[in-house]
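Asks: This is the structure I want to talk about, given as structure tokens.
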Amino acid sequence: LPRPRNPPDDEPVPVRGVRGPHLQVSVVVPTRNEVHNVAPLLRRLDAALAGVAGEVIFVDDSDDGTQREIERVRATVRLPVRIHHRAAGQRAGGLGGAVTEGFALCAAPFAVIIDGDLQHPPETIPDLLAAAVRDGADVVVASRYVAGGSASGLSGTVRHFVSSGSNLLCRLAFPRRLRGVSDVMSGFFLVRVAAVDTAGLRPDGYKILLELLATAGQLRVREVGYTFAERHAGASNASMTEGLRFARRLFALRVPRAARFALVGASGTAPNLLGTAALHHLGLHYLAAAIIATQAAIAWNFVGCELLVWDRRDGSRLRRYPTFALLNNLDLVIRLPLLALLVGRWGVGVGIATLLSLAAAVLVRYLVVDRLVYRT
Ligand code: GDD
Ligand code: MN
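Each residue of the sequence shown is one higher than the last, beginning at 19 in the UniProt record's numbering.
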């Protein structure tokens with residue numbers, strides 16, 4: 019039998035499904051330095067998809083020769099294999115960005131996302147497809163936490179704890195949308211491409227499934243159990259940073275911007291109040307103390323806004339800071355006379371007066387920053 023030609027890498031697919039309408043599934047494999055895993059993975063994919071019209075798309079962010087290894091092995095398998103290599107400097111969004119770019123390349127009606135380190139068994143893919151077809155599902159999650167599933171490959175108590183903890187957190191945050199999803203953290207799932215606005219995803223890091231379920235309309239979701247295996251070779255790319263990224267993203271998905279702004283602003287009360295009280299205690303005049311402590315609080319708030327309120331990666335933080343600081347210092351136009359009145363005239367304690375003056379300035383500050391710094 020003639021072997022199907024491997025389509026050229028990154029061949030544009032102008033209309034989804036036009037190239038190869040016969041295709042059933044595009045398997046998207048994000049890889050970052052998986053040189054020792056891609057060969058066994060491709061062999062197992064090839065065998066597992068023997069009865070399925072499939073293709074494989076690697077979205078590769080590697081520096082270790084993974085791409086060359088894929089090129090070498092794909093000549094020996096039946097499945098058509100494409101490689102979308104992202105050079106250093108073009109790896110926007112990390113894993114999530116890679117998966118999103120993979121969606122855009124899919125030619126089949128169904129996309130399956132699977133890790134490249136064999137922690138996800140390729141043999142489960144036909145089960146995912148079967149569930150999608152049988153139940154008319156938009157998303158089929160391969161889950162470690164339903165009958166037939168197991169998380170035994172999660173190394174270490176800490177990973178276990180983090181995984182089930184974040185899982186629980188997500189489900190508390192989105193009780194309706196995540197109903198029936200036992201493994202929100204799964205990196206192994208099927209998507210009916212037409213059912214989700216994959217172009218509208220703004221994924222960042224590892225939690226692409228959460229992003230998808232949280233931002234799409236109501237989706238019909240099913241789950242299929244699988245056993246999370248040990249990594250075949252190499253080390254996980256997940257890290258503390260990934261965990262923080264995830265927490266931030268969950269916060270941003272769940273809490274509206276104005277509320278996040280209010281929380282960050284409220285937290286700035288602590289450095290301001292403590293700073294003013296401490297400096298005053300050290301003998302500084304209360305107005306000078308207020309001015310200095312306010313600078314510390316502004317820096318604190320700026321970091322909070324950058325990380326938690328306005329998730330903007332364009333432009334330079336250093337450029338935004340002076341405007342931010344200047345506008346926030348305008349607070350003092352309101353606060354200093356108020357402090358003078360409260361402390362100097364009425365003898366209110368410095369601490370209480372600081373709190374009152376901060377409260378008076380908050381409303382004004384939100385309006386000004388929202389309009390002038392971030393131009394929402
Ligand atoms: N293209 C690309 N770019 N691929 C990446 C990147 C990246 O920046 N970072 C990681 N990958 C690839 C890896 O090469 C691997 O194929 C897959 O994404 C998962 O990465 P791992 O580093 O092995 O992650 P993990 O095993 O710790 O986490 C997996 O299991 C978690 C459940 O505990 C992932 O599937 C997570 O999504 C999942 O939550
Ligand atoms: Mn892994």
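Cβ coordinates follow ideal geometry from the N, Cα and C atoms, glycine included.
Looking at Leu147: is its Cβ nearer than 8 Å to the Cβ of Leu59?
Replies: If you number the sequence shown from 1, residue 147 lands on position 129. If you number the sequence shown from 1, residue 59 lands on position 41. Going by C-beta atoms, Leu147 is not nearer than 8 Å to Leu59.
Asks: Among the residues of its own chain, which have a CB less than 6 Å from the CB of His103, if the five just before and after it don't count?
Replies: As a first step, residue 103 is located in the sequence shown; it is residue number 85 there, counting from the start. The answer, listed in chain order, is Asp78, Gln85.
Asks: Would you mind reading off the limits of the beta strand (DSSP E) that contains Glu73?
Replies: Translated into positions along the sequence shown, residue 73 becomes position 55. It spans 72 to 78 - the beta strand (DSSP E) in which Glu73 sits, taken as one unbroken run.
Asks: Give me the Cα-Cα distance between Trp364 and Leu356, rounded to the nearest whole angstrom.
Replies: Counting from 1 along the sequence shown, the entry for residue 364 is found at position 346. Counting from 1 along the sequence shown, the entry for residue 356 is found at position 338. Their backbone Cα atoms lie some 11 Å apart in a straight line.
Asks: Does the structure place the segment 127 to 136 close enough to the segment 43 to 63 that three or more beta carbon pairs sit under 8 Å?
Replies: At 8 Å Cβ cutoff, the stretches touch.
Asks: DSSP puts Val211 in a beta bridge; with which residues?
Replies: Here the question's residue 211 lines up with position 193 in the sequence shown. Beta-bridge pairing links Val211 to no other residue.
Asks: Would you please state the rounded distance, in angstroms, between the beta carbons of Leu326 and Phe269? I believe it to be under 8 Å.
Replies: The residue labelled residue 326 in the question sits at position 308 within the sequence shown. The residue labelled residue 269 in the question sits at position 251 within the sequence shown. Right, the Cβ-Cβ distance comes to about 6 Å (below 8 Å), so this counts as a contact.
Asks: Measuring straight from C-alpha to C-alpha, what distance separates Arg322 and Tyr384?
Replies: Taking the sequence shown and counting its residues from 1, the one referred to as residue 322 is at position 304. Taking the sequence shown and counting its residues from 1, the one referred to as residue 384 is at position 366. The sequence shown places Gly at residue 322, not Arg. So the two alpha carbons sit approximately 14 Å from each other.
Asks: According to DSSP, which residues form a beta bridge with Ile132?
Replies: Along the sequence shown, one-based indexing puts residue 132 at 114. The partner list for Ile132 (beta bridge, DSSP) is empty, contrary to what the question assumes.
Asks: Regarding Asp135 and ligand 2, is the C-beta to nearest heavy atom distance less than 7 Å?
Replies: Translated into the one-based positions of the sequence shown, residue 135 becomes position 117. Yes.
Asks: So within the segment 141 to 213, which uninterrupted alpha helix (DSSP H) runs reach at least 4 residues, ignoring any that extend past its ends?
Replies: If we require 4 residues or more, the alpha helix (DSSP H) runs fully inside the segment 141 to 213 come out as 143 to 153, 175 to 191.
Asks: Using the Cα positions of Asn319 and Val387, report the straight-line distance between them to the nearest angstrom.
Replies: In the sequence shown, residue 319 corresponds to position 301, counting from 1. In the sequence shown, residue 387 corresponds to position 369, counting from 1. Going from the Cα of Asn319 to the Cα of Val387 covers about 12 Å.
Asks: When you compare only the Cα positions, how much space is there between Val382 and Gly115?
Replies: Start at 1 with the first residue of the sequence shown, and residue 382 comes out as number 364. Start at 1 with the first residue of the sequence shown, and residue 115 comes out as number 97. Approximately 37 Å between the Cα atoms of the pair.
Asks: Could you tell me if the beta carbon of Arg383 falls within a distance shorter than 7 Å of some heavy atom in ligand 2?
Replies: Translated into the one-based positions of the sequence shown, residue 383 becomes position 365. No; taking the cut-off as 7 Å, the Cβ of Arg383 has no heavy atom of ligand 2 nearer than that.
Asks: Taking one C-beta from the segment 272 to 280 and one from the segment 371 to 379 each time, how about it: are there three or more such pairs within less than 8 Å?
Replies: No: the two stretches stay apart, fewer than three of their Cβ pairs being nearer than 8 Å.
Asks: Could you spell out the range, first to last residue, of the alpha helix (DSSP H) harbouring Gly322?
Replies: For the purposes of this step, residue 322 is taken as the residue at position 304 of the sequence shown. Residues 304 to 322.
Asks: State the start and end residues of the unbroken alpha helix (DSSP H) segment that holds Thr94.
Replies: Taking the first residue of the sequence shown as position 1, residue 94 is located at position 76. No alpha helix (DSSP H) holds Thr94; DSSP gives it neither H nor E.
Asks: Mind checking who Arg86 pairs with in its DSSP beta bridge?
Replies: Within the sequence shown, residue 86 is the residue found at index 68, counting from 1. None, per the DSSP bridge assignment.
Asks: Return helix, strand or coil for Pro39, following the three-state DSSP convention.
Replies: Along the sequence shown, read from residue 1 onward, the residue named residue 39 stands at position 21. Only weak support is given to the placement of Pro39: the predicted model assigns it a pLDDT of 49, under 50, and the value that follows is read from those uncertain coordinates. Three-state DSSP puts Pro39 in coil, outside helix and strand.
Asks: My output table needs one value for Glu229: the three-state DSSP class, helix, strand or coil.
Replies: Walking along the sequence shown from the start, residue 229 turns up at place 211. DSSP places Glu229 in helix when its eight states are reduced to three.
Asks: Near Ala295, what residues of its chain come up, given a Cβ to Cβ distance below 6 Å and the 5 sequence neighbours on each side ignored?
Replies: Mapped onto the sequence shown, residue 295 falls at position 277. So the qualifying residues of the chain are Gly369.
Asks: Roughly how many angstroms lie between the CA atoms of Asp153 and Arg240, to the nearest whole one?
Replies: For the purposes of this step, residue 153 is taken as the residue at position 135 of the sequence shown. For the purposes of this step, residue 240 is taken as the residue at position 222 of the sequence shown. Rounded to whole angstroms, Asp153 to Arg240 spans 8 Å at the Cα level.
Asks: Just to check, is the beta-carbon of Thr216 closer than 7 Å to a non-hydrogen atom of ligand 1?
Replies: Counting from 1 along the sequence shown, the entry for residue 216 is found at position 198. No, the beta carbon of Thr216 sits no closer than 7 Å to any heavy atom of ligand 1.
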